[in-house]
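*Asks:*
Written as C-alpha cells, this is what we have:
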C-alpha cells in the first residue's frame, strides 16, 4: 500500500512540475534563428575561443548576424567553413593559409659590426644587450625562432633562419619568439610570395653602414607598382591585401638597388630537382633568378 | 508559531555565518571553485543559487508537510513516506534550476553565456539538496517561516563565500605564487584558510 501511494505521489509531483516547466518554456521563450543549431552541429564544439568569440555558440550567433566570416574557425578549417557556408546559403570565399616570412635578408657575411659575443647565445638576450651587431632592426641569428618551432620546420643558415613550408603549419610560435618582431604571418595567396627582406627604418646612408643588403628607401618599387608597394619610414612595405600574384614583379625585383626583395615559399619544381639531395629549401638567394 | 525578530536573525546568521554551507559544511564546493574566478560571475552565481535555494526550500517544505506527512498519517505513521524525500527534492531542484536557466537566458543573455555549463550544474549542487534536507532534519526549522529564512540564509552564505573567494582569487592572480602551488593548489589552500577564518564564528548563537 505504501509503495502504491508513494508511486502515485511521485507521479503527481512529476506531472505538476513538468506542466509548470512546459508553461514556463512558452512564456520565457527566446527567439533564436533556426540556423544557429545547424551551424553548431557543423562546428567542432571545442569552445577554444580561437575564432575570437566566447565559444562555439557565440560564434554561431555571430555568423548568423554576419558579424563573423565563414572561415573564422581555424580548428575546423575549410571543411567546417564549407558546411557553414552551406547552412547560411552563401558563397564561401577562398581563404589563404597564413605562413611566416622573415623581414631580414642579412646572412652573417652581410652584417657589419659583428662583435665577439660571449654571452647567452639567444636572440632575446642579444636583443637586450643590443651591440652584438650594428643593425638594431635585423635578425640576430641566434635561432630563438628555430628553437620555438614545434614542427621542425625551421633551420639556421649562416645567421638567417630558413623555413620549410612543407612542414610549417602557421602556428605562429616563431612570430612570438622573435624579440625584434621581424617574422610576420602573411596570407599565402600563391606558393611563393614576394617579401621585402628588411626591417631597417633608418635612412639609406645609415643602412649602408650597418648592412650590405638592407632597404635604403629609394622608392623605386613604389614608383613602379604604387598600389602594392609603399614606403614608410625609409622602408618598403608590400600591401598583401592588394597582392594578387598576377603582377609582374620581375622588373621591380631587378630594379631594386639593394637586392632586398626575395621570394618565400615552396620552391619552384626546377629548384627542387636541382637540390634533390638537400633536406629543406626555403628562402632563395636575394634577387631571385631561380 | 510566530518568530520574533531576534529568532529570525538568529536563524539567518546561524546558517549564513556560523554554519556556512560551503565553508563549514563543505557543500557546494564544485561551483565554489569553478565559478569564483571573477567577482561579477561569482556574485551572479551566488544570486542564482540563493534564488534556487530559497524557492526549493519553500517548495520542499510544502511537499513534506502538505503531501508526505498527511498521506503518511493516513497510513498510520507520519514519517511513512519520508523515503520519497530524496527523489522528490531532486525533482524540485532540477525543475527550479531549469526555470532559473530559462529566466536568465531570456533576460540576462550575457550572464547566461558566461555561466555556460555551471548553471545546470547547480542541479547537482549538493548545497541546495543539503539545505533542503537540513531544514527537514532540525526541529527548530519545522515551520514555514523558519524554513524560508534558513534557505535564504543558506543562499546568502553561499553568495558570501563565493564572492569572498572570487575577490581573493582575483587578487592572487597577479601575485607571485610559487610555481609548485600555481593553479588548483593555491585555490584550495585559500579555501581552507577561508574556512579556518569562518571557524571563528563557531559557538555564536546558542
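Residue numbers (the working numbering), protein chains in the order written: chain A, 48 to 337; chain R, 20 to 225.
In this text, a Cβ means the ideal position worked out from N, Cα and C, and glycines have one as well.
Just so you know, these numbers come straight off a predicted model, no measurement behind them.
1. Please name the residues in the stretch 105-117 of chain R whose beta-carbon is closer than 8 Å to at least one beta-carbon of chain A, in chain order.
2. Please find out if some non-hydrogen atom of the ligand SAH comes closer than 6 Å to the beta-carbon of residue 177(R).
3. If you follow the alpha helix (DSSP H) that residue 152(R) is part of, which residue opens it and which one closes it?
4. Buried or exposed, going by whether 16 or more other CB atoms sit within 10 Å of the CB of residue 207(R)?
5. By the criterion of Cβ-Cβ separation under 9 Å, what are the contact partners of residue 122(R) in chain A?
6. Give a yes or no on whether 7 Å exceeds the smallest Cβ distance from residue 152(R) to chain A.
7. So if I threshold CB-CB distances at 8 Å, which residues from the stretch 65-79 of chain R count as touching chain A?
8. Comparing alpha-carbon positions, which option in 304(A), 298(A), 264(A), 272(A) lies nearest residue 283(A)?
9. Would you report the Cα separation of residue 226(A) and residue 80(A), rounded to the nearest angstrom?
10. Could you tell me which chain A residues have their CB closer than 9 Å to the CB of residue 61(R), listed as they occur along the chain?
11. Report the option in 52(A), 250(A), 304(A) whose CA atom is closest to the CA atom of residue 92(R).
12. Might you give, ordered along the chain, the residues of its own chain that have their beta carbon closer than 6 Å to the beta carbon of residue 87(R), omitting 5 neighbours on each side?
13. Could you tell me if residue 62(A) is buried or exposed, where buried requires 16 or more neighbouring beta carbons within 10 angstroms of its beta carbon?
14. Whole-angstrom Cβ separation of residue 198(A) and residue 215(A), contact assumed at under 8 Å?
15. Give, in chain order, every residue of the stretch 101-132 of chain A whose Cβ lies closer than 8 Å to some Cβ of chain R.
16. By how many angstroms is the C-alpha of residue 287(A) removed from the C-alpha of residue 233(A)?
17. Does DSSP classify residue 207(A) as helix, strand or coil?
18. Answer with buried or exposed for residue 75(R), where buried requires no fewer than 16 other C-beta atoms within 10 angstroms of its C-beta.
19. Tell me the DSSP secondary structure of residue 138(A) in three-state form.
20. Between residue 57(R) and chain A, is there a C-beta pair that is closer than 7 Å?
21. If you compare alpha carbons, which of 41(R), 64(R), 40(R), 169(R) is closest to residue 136(R)?
22. What does the Cβ neighbour count give for residue 79(R), buried or exposed, with the cut at 16 atoms within 10 Å?
23. For the alpha helix (DSSP H) containing residue 50(R), name the first residue and the last one.
24. Considering just the uninterrupted stretch of the beta strand (DSSP E) at residue 279(A), what are its terminal residues?
25. For residue 190(R), is the classification buried or exposed, using 16 other Cβ atoms within 10 angstroms of its Cβ as the cut-off for buried?
26. Short of 6 Å in beta carbon distance, which residues of its chain neighbour residue 194(R), apart from the five on each side in sequence? Order them along the chain.
27. Could you work out which residue in 186(R), 130(R), 134(R), 106(R) is closest to residue 152(R) when comparing CA atoms only?
28. In terms of residue numbering, what span does the alpha helix (DSSP H) encompassing residue 15(A) cover?
29. Does the beta carbon of residue 147(R) come closer than 7 Å to any beta carbon on chain A?
30. If you compare alpha carbons, which of 50(A), 91(A), 304(A), 64(A) is closest to residue 255(A)?
31. Please decide whether residue 58(A) counts as near chain R, where near means a Cβ-Cβ distance under 7 Å.
32. Just grab the DSSP bridge partners of residue 231(A) for me.
33. Should residue 103(A) go down as buried or exposed, given a rule of 16 or more other Cβ atoms within 10 Å for buried?
34. Quick check: the Cα distance between residue 49(A) and residue 150(R), rounded to an integer number of angstroms?
35. Look at the alpha carbon of residue 119(R) and the alpha carbon of residue 60(A), and state the distance between them as a whole number of angstroms.
36. Does residue 324(A) come within less than 7 Å of chain R when only Cβ atoms are used?
*Replies:* To lay it out plainly:
1. Listed in sequence order: 106, 107, 110, 111, 114, 117.
2. For the ligand SAH, the structure offers nothing, since it holds no ligand at all.
3. Residue mapping note: residue 152(R) aligns to position 133 of the second chain, counting from 1. The continuous alpha helix (DSSP H) containing residue 152(R) extends over residues 145-156.
4. The sequence position of residue 207(R) within the second chain is 188, counting from 1. By the C-beta density criterion, residue 207(R) is exposed, having fewer than 16 other C-beta atoms within 10 angstroms.
5. Translated into the one-based positions of the second chain, residue 122(R) becomes position 103. What residue 122(R) touches in chain A: 71, 75.
6. Taking the first residue of the second chain as 1, we reach residue 152(R) at position 133. For residue 152(R), the answer is no, since every Cβ of chain A falls outside 7 Å of its Cβ.
7. Listed by position, the residues of the stretch 65-79 of chain R near chain A (Cβ gap below 8 Å) amount to none.
8. Working through the first chain from its first residue, we reach residue 283(A) at position 236. It is 264(A) whose Cα lies nearest to the Cα of residue 283(A).
9. Within the first chain, numbered from 1, the residue matching residue 226(A) stands at position 179. Within the first chain, numbered from 1, the residue matching residue 80(A) stands at position 33. Spanning the two alpha carbons is a distance of roughly 46 Å.
10. Residue 61(R) sits at position 42 when you count from the first residue of the second chain. For residue 61(R), no chain A residue has a C-beta closer than 9 Å to its own C-beta; the minimum C-beta separation is roughly 18 Å.
11. For the purposes of this step, residue 92(R) is taken as residue 73 along the second chain, with counting starting at 1. It is 52(A).
12. Indexing the second chain from 1 puts residue 87(R) at position 68. Within the same chain, residue 87(R) has close Cβ partners 100.
13. Walking along the first chain from the start, residue 62(A) turns up at place 15. Looking at its Cβ environment, which holds fewer than 16 other Cβ atoms inside 10 Å, residue 62(A) is exposed.
14. Residue 198(A) sits at position 151 when you count from the first residue of the first chain. Residue 215(A) sits at position 168 when you count from the first residue of the first chain. With a Cβ gap of about 7 Å, residue 198(A) and residue 215(A) count as contacting.
15. When C-beta distances to chain R are compared with 8 Å, the residues of the stretch 101-132 of chain A below that value are 101, 102, 104, 105, in chain order.
16. Here residue 233(A) is taken as the residue at index 186 of the first chain, counted from 1. Here residue 287(A) is taken as the residue at index 240 of the first chain, counted from 1. Each residue's alpha carbon lies about 7 Å from the other.
17. Residue 207(A) sits at position 160 when you count from the first residue of the first chain. DSSP places residue 207(A) in strand when its eight states are reduced to three.
18. Sequence index remark: in the second chain, residue 75(R) carries index 56 (1-based). Classification of residue 75(R): buried, given that the 10 Å Cβ count is 16 or more.
19. Taking the first residue of the first chain as position 1, residue 138(A) is located at position 91. If DSSP states are grouped into helix, strand and coil, residue 138(A) belongs with coil.
20. As a position in the second chain, residue 57(R) is number 38, starting the count at 1. By this cut-off, residue 57(R) is not an interface position.
21. Locating residue 136(R) in the second chain gives position 117, where the first residue counts as 1. Answer by Cα proximity: 64(R).
22. Position 60 of the second chain holds residue 79(R). Of the other Cβ atoms in all chains shown, 16 or more fall within 10 Å of the Cβ of residue 79(R); this residue is therefore buried.
23. The count along the second chain starts at 1 and reaches residue 50(R) at position 31. Run containing residue 50(R): 48-53, per the alpha helix (DSSP H) assignment.
24. Along the first chain, one-based indexing puts residue 279(A) at 232. 276-279 is the extent of the beta strand (DSSP E) around residue 279(A).
25. Translated into the one-based positions of the second chain, residue 190(R) becomes position 171. So residue 190(R) counts as exposed.
26. Position 175 of the second chain, counted from the start, is the residue given in the question as residue 194(R). The beta carbon of residue 194(R) is closer than 6 Å to none in its chain, skipping five residues each way along the sequence.
27. The residue labelled residue 152(R) in the question sits at position 133 within the second chain. Among 186(R), 130(R), 134(R), 106(R), the Cα nearest to that of residue 152(R) belongs to 106(R).
28. This structure cannot speak to residue 15(A), because chain A is shown only from 48 to 337.
29. Within the second chain, the letter at position 128 stands for residue 147(R). Chain A, which has no Cβ nearer than 7 Å to the Cβ of residue 147(R), makes this no.
30. Position 208 of the first chain, counting from 1, holds the residue named residue 255(A). Per the Cα distances, 304(A).
31. Your numbering for residue 58(A) matches position 11 in the first chain. Residue 58(A) is outside the set of residues whose beta carbon lies under 7 Å from a beta carbon in chain R.
32. As a working note, residue 231(A) is residue 184 in the first chain. Answer by DSSP bridge pairing, in chain order: 148(A).
33. The residue you call residue 103(A) lines up with position 56 of the first chain. So residue 103(A) counts as buried.
34. By one-based count along the first chain, residue 49(A) stands at place 2. By one-based count along the second chain, residue 150(R) stands at place 131. The C-alpha of residue 150(R) is placed about 27 Å away from the C-alpha of residue 49(A).
35. Counted from its first residue, the second chain places residue 119(R) at position 100. Counted from its first residue, the first chain places residue 60(A) at position 13. Going from the Cα of residue 119(R) to the Cα of residue 60(A) covers about 19 Å.
36. Within the first chain, the letter at position 277 stands for residue 324(A). Any reading at residue 324(A) must be qualified, since the residue scores a pLDDT of 47, below 50, and its modelled position is unreliable; the value itself is stated next. Using a CB distance cut-off of 7 Å, residue 324(A) does not count as an interface residue toward chain R.
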